Structure formats: C-alpha cells, structure tokens
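Visitor: Starting off with a structure, shown below.
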Amino acid sequence: MFQKIRTLSRRLKYGSLGEQATVLKQRAPLIKPRKLIRRSPLRTLSPKTEAIRQQIGNLLIANPDWNAHRDDRRDLRIDLFQELERHCHSCPGNKPRGELSIKELTNLRFAKELHTVLNVFDSFFLGCYQLKTGKTLSQSIQEKHAAKLRLAIRSVFAINSIAQRRLLASVMDPTVLHWSSIPMSRDELKRIEELREQHPAVLDLDEALALFDYLDPYSAHFIIINGGARLKAFWGIDGIAEAGQVLSVPFNRALQKLQQNEQFTDRSGIYYKGFKAQGLEYRHDKLMLDYLAEKNGIMIPPHAISTSRIASQSFARNAERDEDAELVIHTTAGIDVGLFHAALGKSLGEVILMPEPLQIKAQTSRNEAGSRPASYTAYSMKGNASAEPRWRKQHTDLKSAL
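Using our numbering, you'd call the opening residue of the sequence shown number 1 and step up by one each time.
The following block contains the structure:
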C-alpha cells in the first residue's frame, strides 16, 4: 500500500518514467517566448538566421530590466560576428555576385545590422541611460554621460558667433542653459527671451538633449534611433526601438518643432547621403536600390535621414571613410542642424530630412578617376496622393522579384 502511494507520488512529481525522467527530459527554456515579435521580416531568412531572430526577441525584454540578458546577448553577438567572418573569408569581395544567392545576402545584411545595433546597445547605451518605465530622458541619463553631454553642448555654444549663440539659445527652453551651465549675461538673456517669443515652438530639455546626443560625433546613439527603427520596420524586431524610446521620442519631437521654424529650414533642394554598398554584408542594399532604380520604384525610410547640402562633404566622397555609394535626394526642404554642431561637424553642412516617400529615378557608376562614387538619384513624392499606393505595389513586386 505504502509502495503504491510512493510510486504514485513519484509519478506525479517526475512523470510516468519516474526519477529517470529528470535526466531524459530536456530542460524547459529559461526565457518564455516573447510576444513582441508579431511580424515576419520583409524578406525570408534561412532557418538558422530566423532562429537567431526569434532568440534575440526573447533576449530584448525588460524583465526585470534591460540588463537582465546582457550576457546572453553578448554570446549571440559573438555568434553573429563569427558568421560574418566565415562568409567574408570564404567569399572575398571581388567574387562575382552570382556566387551568393539573394537569401544569403539577406542573411548577411540582417546579421550585420543586428550585430552593430546590439553592440552599441549593450556596450554604450545601457551604460548611459537607466531605462525605467515612466522616466524621461533627463531623469534617465547617467551622470557620467550627462557630464560628457554638458561638455559637448558647451563646445557647440563656444564655436558659434554671438548672433548664432542667441538664436540657438532662443529655440530652447531656459532649462537647457541651466542644465548645461552655459554662462549668459543679463543683456544676452533679455535678447534671447525676445527672440524666443518669435519661434513657433521651442525645444524642452529632453528634446534638446536628445538632439545634441544624436549629433555628437563622439556618441554612437544615433545607431539606437536609426538602427532600432530599421530592425523594427524591416526585420520585425522591436526590442531596441522600444528601449530606445527614451531617446528617439524626444528626438523626433525636436525635429518636428524645428521643421516648423523657418530659421532652421534649408531649401537647397539637393542633398547627398553616403552609404556602404560594396561589402558582402551591404550588397543586399545595393541590389534593392538597383531594382528600384530600374523600375522607378518608391522607398519610404523608417527614420529621419542625415544628409549634407554640400556635395564635397558627402561621406562617399571622403577617401578616409568606408562609404562607397551615394544617394542624391531632391526634395523641397530639410532641417538645418548646423547650429547644433561643434567644430568637428560644423563644416559638414548637415541637413536632416524627415521620412517621406522617395522615388528612385536613376543610377550612375563610379567614374574612372574615382572622384565621384556610384550614385542613385531620388525625388521626393511629398504632396503626391498616389505615392503610398504606388509604393505598396512596388513593394510587393520587389518581394516577389527577390
């Protein structure tokens, strides 16, 4: 009788196989499947890469906080790096495109994007911001990063002329000057207040800090904003975008306010954006643009684009940089952020373009001298009511073609 009760209790605890089941059965996963991955990527991945995509979704979750699975994400980054190295060593860049399928190039592009964003997220972003629900950017920023950002803002004010200093200070709330410890005389503060009343909107503390952080050449947090948006839009991974909202939301609000301000509007009409296209991990993007250029297709960037209004300042025309292709964008206006730059970025002529449908019209190859990179010409579809339906149709055609 007692033996039967003991056997029954063991079966209830260990299953029908008794205590041996603890050895035979596989352990349940420590992390439950994340429900934030609701969508598939725009392009099909290989089973191995798709498994990585699902796994990273389980690791990018604030449970109990964003640092919880940091070591697991580091191991995944190592796997991604080894995968990229394996392909790069086995397939040198001078091999013809036909030796790699579209799916292989897609896997490489995804691996490169995910590896880069994860590295910045774990190595820099989490050390600069304490991510907690309900906290604003100014409340989340760590003191070490806040000190660096104060120095960056002071450098911006120091490089500008008196008139530029007043204009820059007037488009921001007075709390920004107080937070940054920018010295101003009473006469300057009075003049700044008079200018502030002329602006349709001013940046609050969080919006100003997010913009300065994005533009700071010594900060890589622009990758959190832009890379997180691409991972969400193209690959169905929204963890980085969710965590980066503390930075991306005030940053986008700042752009929207500056877009309304004529004094920060650039109307050059032609803007230059350098990007990488020749490496195996970037060739997927080139093929996409080649197809759109052939079909006069339309693309919609998932985030704002940093460009230059000066052709010679395009990163693709700088021999010291890795960018080897260029997108020449024709649009009506952009946001001139030159006043927010210090000495290193002041000469770039940076103009930020808000996301809008862009029609890829033409493609030119790099000239023999190498002074002009391979380029694509894009035209804004702003104001065209048919842009969105046309893009959806072209998007469907693109997926079926690739």
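Backbone N, C-alpha and C fix where the C-beta goes; we use that ideal spot for every residue, glycine too. Predicted model only: the values in this text are computed from it and were never measured.
Hey, out of 299, 363, 162, 228, whose CA is closest to residue 60's CA?
Guide: Start at 1 with the first residue of the sequence shown, and residue 60 comes out as number 60. Selected option, being the one with the closest Cα: 228.
Visitor: Mapping DSSP to helix, strand and coil, what is residue 291?
Guide: Indexing the sequence shown from 1 puts residue 291 at position 291. Three-state result, residue 291: helix.
Visitor: Taking 7 Å as the cut-off, is the beta-carbon of residue 51 closer than that to any non-hydrogen atom of the ligand NAP?
Guide: Ligands displayed in this structure: none; no statement on the ligand NAP is therefore possible.
Visitor: By DSSP, does residue 311 sit in helix, in strand, or in coil?
Guide: Counting from 1 along the sequence shown, the entry for residue 311 is found at position 311. Residue state, collapsed to three classes: helix.
Visitor: Using alpha carbons as the reference points, say which of 84, 70, 68 lies closest to residue 282.
Guide: If you number the sequence shown from 1, residue 282 lands on position 282. Checking every option, the nearest Cα to that of residue 282 belongs to 84.
Visitor: I'd like to confirm the pairing. Which residues does DSSP put opposite residue 350 in its beta bridges?
Guide: For this step, residue 350 is matched to residue 350 along the sequence shown. For residue 350, which the question treats as bridged, DSSP gives the partners 308.
Visitor: I'd like to know whether the C-beta atoms of residue 79 and residue 136 end up nearer to each other than 8 Å.
Guide: For the purposes of this step, residue 79 is identified with residue 79 of the sequence shown, where counting begins at 1. For the purposes of this step, residue 136 is identified with residue 136 of the sequence shown, where counting begins at 1. Taking 8 Å as the Cβ cut-off, residue 79 and residue 136 do not qualify as a contacting pair.
Visitor: Quick one: what does DSSP say residue 62 is sitting in, helix, strand or coil?
Guide: For this step, residue 62 is matched to residue 62 along the sequence shown. Coil at residue 62, not helix or strand.
Visitor: Considering just the uninterrupted stretch of the beta strand (DSSP E) at residue 361, what are its terminal residues?
Guide: Position 361 of the sequence shown, counted from the start, is the residue given in the question as residue 361. First-last of the beta strand (DSSP E) with residue 361: 358–364.
Visitor: Give the DSSP-derived three-state secondary structure of residue 123 in the structure shown.
Guide: Position 123 of the sequence shown holds residue 123. If DSSP states are grouped into helix, strand and coil, residue 123 belongs with the helices.
Visitor: Got a sec? Which residues, its chain only, sit under 8 Å from residue 232 by beta carbon, not counting five neighbours each side?
Guide: One-based indexing of the sequence shown puts residue 232 at position 232. So the list reads 238, 240, 241, 302, once near-sequence residues are dropped.
Visitor: Can you name the residues that DSSP bridges to residue 203?
Guide: For the purposes of this step, residue 203 is taken as residue 203 along the sequence shown, with counting starting at 1. Residue 203 pairs with 172.
Visitor: Which same chain residues, not among the five before or five after residue 201, have their C-beta less than 7 Å away from its C-beta?
Guide: What you label residue 201 is simply residue 201 of the sequence shown in a count that begins at 1. Same-chain partners within the cutoff: 257, 260.
Visitor: If contacts are defined as beta-carbon pairs under 8 Å, then residue 338 and residue 352 qualify, I think. What distance do you get, rounded to the angstrom?
Guide: For this step, residue 338 is matched to residue 338 along the sequence shown. For this step, residue 352 is matched to residue 352 along the sequence shown. Contact flag wrong, Cβ pair sits at about 11 Å.
Visitor: On the DSSP letters alone, give me the boundaries of the alpha helix (DSSP H) that residue 145 sits inside.
Guide: Numbered from 1 along the sequence shown, position 145 holds the residue referred to as residue 145. Run containing residue 145: 143–159, per the alpha helix (DSSP H) assignment.
Visitor: Can at least three beta-carbon pairs, one atom from the region 306–319 and one from the region 261–276, be found at a separation below 8 Å?
Guide: Touching, per the Cβ criterion.
Visitor: Return the Cβ separation of residue 340 and residue 211 in integer angstroms, given the expectation that the two are a contact with Cβ distance under 8 Å.
Guide: In the sequence shown, counting from the first residue as 1, residue 340 sits at position 340. In the sequence shown, counting from the first residue as 1, residue 211 sits at position 211. Confirmed, Cβ separation roughly 6 Å.
Visitor: Nearest by alpha-carbon distance to residue 196: which of 166, 181, 296, 113 is it?
Guide: For the purposes of this step, residue 196 is identified with residue 196 of the sequence shown, where counting begins at 1. Of the candidates 166, 181, 296, 113, the one whose C-alpha sits nearest the C-alpha of residue 196 is 166.
Visitor: Does the Cβ-Cβ distance between residue 66 and residue 220 come in under 8 Å?
Guide: Your numbering for residue 66 matches position 66 in the sequence shown. Your numbering for residue 220 matches position 220 in the sequence shown. Cβ distance not < 8 Å, so residue 66 and residue 220 don't count as in contact.
Visitor: Run the CB neighbour count on residue 112, radius 10 Å, all protein chains shown included, and call it buried at 16 or more, exposed below.
Guide: For the purposes of this step, residue 112 is taken as residue 112 along the sequence shown, with counting starting at 1. Looking at its Cβ environment, which holds 16 or more other Cβ atoms inside 10 Å, residue 112 is buried.
Visitor: Helix, strand or coil: which one does DSSP assign to residue 382?
Guide: As a position in the sequence shown, residue 382 is number 382, starting the count at 1. Three-state result, residue 382: coil.
Visitor: So, at 8 Å on beta carbons, what are the nonlocal neighbours of residue 360 in its own chain, with the 5 sequence-adjacent residues on each side left out?
Guide: Position 360 of the sequence shown, counted from the start, is the residue given in the question as residue 360. Excluding sequence neighbours, residue 360 sits near 289, 292, 293, 296, 297, 298, 299, 376, 377, 378.
Visitor: If you draw a straight line from the alpha carbon of residue 187 to that of residue 193, how long is it in whole angstroms?
Guide: Within the sequence shown, the letter at position 187 stands for residue 187. Within the sequence shown, the letter at position 193 stands for residue 193. Roughly 10 Å between the two C-alpha positions.
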